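> If you scroll down you'll find the structure; I have some questions about it.
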């Protein structure tokens with residue numbers, strides 16, 4: 017239980033952190049560059065802790081780096097949403113908004129209810145993800161309200177990501193859906209954006225069946241450890 | 011204003027006399043090592059020189075994010091990835107303070123950005139070299155940040171207050187980066203054969219460009235004399251370069267790596283290392299924008315700026331609508 021949960025939470029954070037790192041040096045303003053790097057650093061920290069906990073619970077001597085750098089793509093358990101390409105800034109914001117809003121509901125709950133190892137990480141990370149969700153929501157409003165171009169791009173970004181949101185609410189996390197919907201809808205209303213129409217959810221990440229993108233992410237992420245298998249860094 | 015149109019000649023004369031007096035006050039302050047502050051009078055040439063130097067420094071921080079960003083997705087451990095991302099983020103922060111310091115001189119960040127993109131403003135030549143392996147991340151921290159620190163430590167006492175204060179914080183962070191870079195090189199130098207080879211190759215490629223970071227030799231440095239007099243600059247290019255060589259050679263020896271200079275040897279009489287001739291033709295070519303990845307670096311900055319213009323427009327439009335709604 018702990019292994020599966022910690023692995024999926026760690027993989028979510030790792031893969032989204034990796035995606036945000038792609039923005040570094042290329043963001044719309046220096047302030048946004050700093051903010052995306054901050055969020056990326058928080059997520060990398062979460063990845064280290066959750067994967068560390070997963071390895072410890074598993075008890076086979078695998079640490080966070082081994083799990084991050086030496087698993088195949090079908091062994092990753094992140095949701096499909098986080099592996100979506102950055103696209104334009106609006107799509108990056110849409111992805112962050114949908115995902116961080118979910119994390120911000122999940123983590124305070126885990127801090128109370130989960131196994132101690134996970135609860136401690138969730139408690140620390142709850143503050144971080146609340147900020148991520150607020151940052152993203154503010155940009156959703158700016159872009160939705162700003163110009164006709166930014167409105168169109170924001171709507172496109174949401175439409176791109178929307179089909180991957182059902183996966184966030186499978187099994188134990190289904191109970192968060194109503195509250196998540198109400199948070200999302202409140203921000204979208206403020207932004208003058210329509211809630212995307214329901215579409216058939218695309219799922220599979222939690223079972224190791226990913227989109228075409230994950231393999232490419234891992235080929236960069238794991239490159240050095242695969243080329244120099246005996247090295248430590 | 012109307013008094014000027016009444017007797018323009020007398021007024022002009024008074025202004026000129028006034029300038030001479032104000033210039034004397036300015037020169038005395040500088041000579042006395044006091045800070046010049048944004049509201050103080052300063053000669054136009056001093057203002058222009060500072061804008062040139064500070065904006066060049068800011069651009070270097072921002073363009074300097076790119077060569078390291080090239081390895082972010084491929085960093086070999088979670089810890090190294092976090093260290094690298096935090097370091098690049100620091101550089102972005104340095105760029106921000108420096109643009110703000112330059113803005114106190116009466117130029118906007120947008121104007122400076124435009125000057126960079128149009129090729130009117132320069133940035134450090136070092137960032138126009140490619141980062142080919144992971145060891146380049148260590149080498150940049152160790153050598154490039156090491157050279158930058160030697161250039162920047164004296165700037166904490168530079169005559170322009172906002173610049174000097176920005177440099178205090180920047181220097182603290184740079185010296186942290188330098189230690190991290192050296193530590194990363196040490197892991198490689200003590201690692202597998204492949205890692206050691208990677209470390210030596212990085213030193214081979216970054217050594218000479220790092221020496222060039224101190225600028226042309228003293229007898230060919232066009233802006234140096236005036237800048238030294240104004241205390242915008244505190245030490246000569248060659249003096250700082252020598253200091254860098256003397257500090258770095260023992261560090262390379264400690265790593266078991268070889269400096270790629272057959273003429274390098276200790277000189278008892280000078281109590282310093284003699285080093286080989288620098289390829290100044292290469293330096294001048296890189297300054298002209300002919301560095302190996304100069305086009306890639308500038309194109310990446312221009313693309314980040316232009317392809318995201320709609321984001322900045324949206325933020326401004328939203329702010330305008332919001333204040334309009336508030337007023338209504």
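Residue numbers (this note's numbering), protein chains in the order written: chain V, 17 to 249; chain R, 11 to 338.
All C-beta atoms, glycine included, are put in the ideal place defined by N, C-alpha and C.
Since the model is a prediction, treat every value here as computed from it, not as a measurement.
Contact criterion: CB-CB distance below 7 angstroms. Does residue 141 (chain V) meet it with respect to chain R?
Not an interface residue.
> Looking at the unbroken alpha helix (DSSP H) that takes in residue 58 (chain R), where does it start and where does it end?
It spans 54-73 - the alpha helix (DSSP H) in which residue 58 (chain R) sits, taken as one unbroken run.
> Within its chain, find whatever has a CB closer than 8 angstroms to the CB of residue 82 (chain V); leave out the 5 residues flanking it on each side and keep chain order.
Correct list, in chain order: 71.
> Given this structure, state the Cα-to-Cα distance separating residue 126 (chain V) from residue 167 (chain V), to the nearest angstrom.
Using only the alpha carbons, I get a separation of about 35 angstroms.
> Short of 8 angstroms in beta carbon distance, which residues of its chain neighbour residue 339 (chain R), apart from the five on each side in sequence? Order them along the chain.
Examination of residue 339 (chain R) is not possible in this model, given that chain R is present from 11 through 338 alone.
> Thinking just about the alpha-carbon of each residue, which of V:178, V:68 and V:87 is nearest to the one in residue 201 (chain V)?
It is V:178 whose Cα lies nearest to the Cα of residue 201 (chain V).
> Cβ closer than 7 angstroms: which chain R residues qualify as neighbours of residue 159 (chain V)?
Residues of chain R passing the Cβ test: 324.
> Drop a sphere of 10 angstroms on the beta-carbon of residue 117 (chain V), count the other beta-carbons inside from all chains shown, and report buried for 16 or more, exposed for fewer.
Buried: at least 16 other Cβ atoms inside 10 Å.
> Comparing the C-beta of residue 205 (chain V) with each C-beta of chain R, is any distance below 7 angstroms?
Not an interface residue.
> Whose Cβ in chain C lies nearer than 8 angstroms to the Cβ of residue 246 (chain V)?
Given the protein chain composition of this structure (V and R), no chain C is represented.
> Quick check: is the beta carbon of residue 23 (chain R) nearer than 7 angstroms to any beta carbon in chain V?
Only weak support is given to the placement of residue 23 (chain R): the predicted model assigns it a pLDDT of 46, under 50, and the value that follows is read from those uncertain coordinates. So no, residue 23 (chain R) is outside the interface.
> Taking 8 angstroms as the limit between beta carbons, can you name the residues of its chain near residue 217 (chain V), skipping five residues before and five after?
Closer than 8 angstroms at the Cβ level, and outside the excluded window around residue 217 (chain V), lie 179, 180, 181, 182 and 183.
> Going by DSSP, what residue range makes up the alpha helix (DSSP H) through residue 196 (chain V)?
Start and end: 193-207.
> My understanding is that residue 149 (chain V) touches residue 138 (chain V), with C-beta atoms under 8 angstroms, so please give their C-beta distance in whole angstroms.
Wrong, their Cβ atoms sit about 15 angstroms apart, outside the cutoff.
> Using only alpha-carbon positions, find the residue among R:251, R:30, R:89 and R:193 that is nearest to residue 51 (chain R).
Out of R:251, R:30, R:89 and R:193, R:30 has the C-alpha closest to the C-alpha of residue 51 (chain R).
> Could you tell me whether any Cβ in chain R is nearer than 7 angstroms to the Cβ of residue 165 (chain V)?
It does; some Cβ of chain R falls within 7 angstroms.
> Would residue 74 (chain R) and residue 101 (chain R) qualify as a contact pair, given that the criterion is a beta-carbon distance under 7 angstroms?
Yes, they are a contact pair.
> Any idea what DSSP makes of residue 275 (chain R), helix, strand or coil?
Residue 275 (chain R) falls in the strand class under three-state DSSP.
> For residue 238 (chain V) and residue 333 (chain R), what's the separation of their Cα atoms in angstroms?
In a straight line, the C-alpha of residue 238 (chain V) is about 48 angstroms away from that of residue 333 (chain R).
> Which residues of the segment 40-57 of chain V have a Cβ closer than 8 angstroms to any Cβ of chain R? Give them in chain order.
Going along the segment 40-57 of chain V in chain order, one finds 40, 41, 42, 43, 44, 45, 46, 47, 48, 49, 50, 53, 54, 56 and 57 with a Cβ nearer than 8 angstroms to chain R.
> Could you name the residues of the same chain whose beta carbon sits closer than 6 angstroms to that of residue 85 (chain V), not counting the 5 residues immediately before and after it, in chain order?
Correct list, in chain order: 238 and 241.
> Is the distance from the Cβ of residue 115 (chain V) to the Cβ of residue 142 (chain V) below 7 angstroms?
Against a cut-off of 7 angstroms, the Cβ pair of residue 142 (chain V) and residue 115 (chain V) comes out as no contact.
> With C-beta atoms as the reference, is residue 157 (chain R) less than 7 angstroms away from residue 254 (chain R)?
Their beta carbons are under 7 angstroms apart, which means residue 157 (chain R) touches residue 254 (chain R) by this criterion.
> Please confirm if residue 84 (chain V) has its CB atom under 7 angstroms from at least one CB of chain R.
Cβ-Cβ to chain R under 7 angstroms: yes for residue 84 (chain V).
> Just curious, the beta strand (DSSP E) that residue 282 (chain R) is in, first and last residue?
Unbroken beta strand (DSSP E) run through residue 282 (chain R): 282-284.
> Got a sec, what are the start and stop residues for the alpha helix (DSSP H) residue 207 (chain R) sits in?
Segment 203-222, the alpha helix (DSSP H) holding residue 207 (chain R).
> Report the residue ranges of all alpha helix (DSSP H) runs contained in full by the segment 29-58 of chain V; include only those spanning at least 4 residues, in chain order.
None, since the segment 29-58 of chain V contains no complete alpha helix (DSSP H) of that length.
> Specify whether the segment 200-213 of chain R and the segment 261-274 of chain R touch according to this definition: at least 3 beta carbon pairs, one from each stretch, less than 8 angstroms apart.
As far as the Cβ criterion goes, the segment 200-213 of chain R touches the segment 261-274 of chain R, which means the pair count is three or higher.
> Among V:54, V:189 and V:63, which one has its Cα closest to the Cα of residue 28 (chain V)?
Out of V:54, V:189 and V:63, V:63 has the C-alpha closest to the C-alpha of residue 28 (chain V).
> Are the beta-carbon atoms belonging to residue 158 (chain V) and residue 337 (chain R) less than 7 angstroms from one another?
No, Cβ-Cβ distance for residue 158 (chain V) and residue 337 (chain R) is not below 7 angstroms.
> Looking at residue 43 (chain V) and residue 57 (chain V), is the spacing between their C-beta atoms short of 7 angstroms?
Contact: no.
> Within its chain, find whatever has a CB closer than 6 angstroms to the CB of residue 107 (chain V); leave out the 5 residues flanking it on each side and keep chain order.
Here the set comprises 173 and 176.
> Quick test of the definition: if touching needs 3 or more C-beta pairs under 8 angstroms, does the segment 262-282 of chain R touch the segment 173-188 of chain R?
Taking 8 angstroms as the limit for Cβ pairs, the verdict is that the segment 173-188 of chain R does not touch the segment 262-282 of chain R.
> Unbroken alpha helix (DSSP H) runs of length 4 or more, entirely within the segment 118-155 of chain R: which are they?
Counting whole runs of 4 or more residues, the segment 118-155 of chain R contains the alpha helix (DSSP H) stretches 119-127 and 145-149.
> Less than 7 angstroms between C-beta atoms, sequence neighbours within five positions excluded: which residues of the same chain meet that for residue 23 (chain R)?
Summary for residue 23 (chain R): the model assigns pLDDT 46, below 50, so the residue's position carries little reliability, and this model does not support an answer.
> May I have the straight-line CA-CA distance separating residue 292 (chain R) from residue 298 (chain R), to the nearest angstrom?
Whole-angstrom Cα-Cα distance: 10 angstroms.
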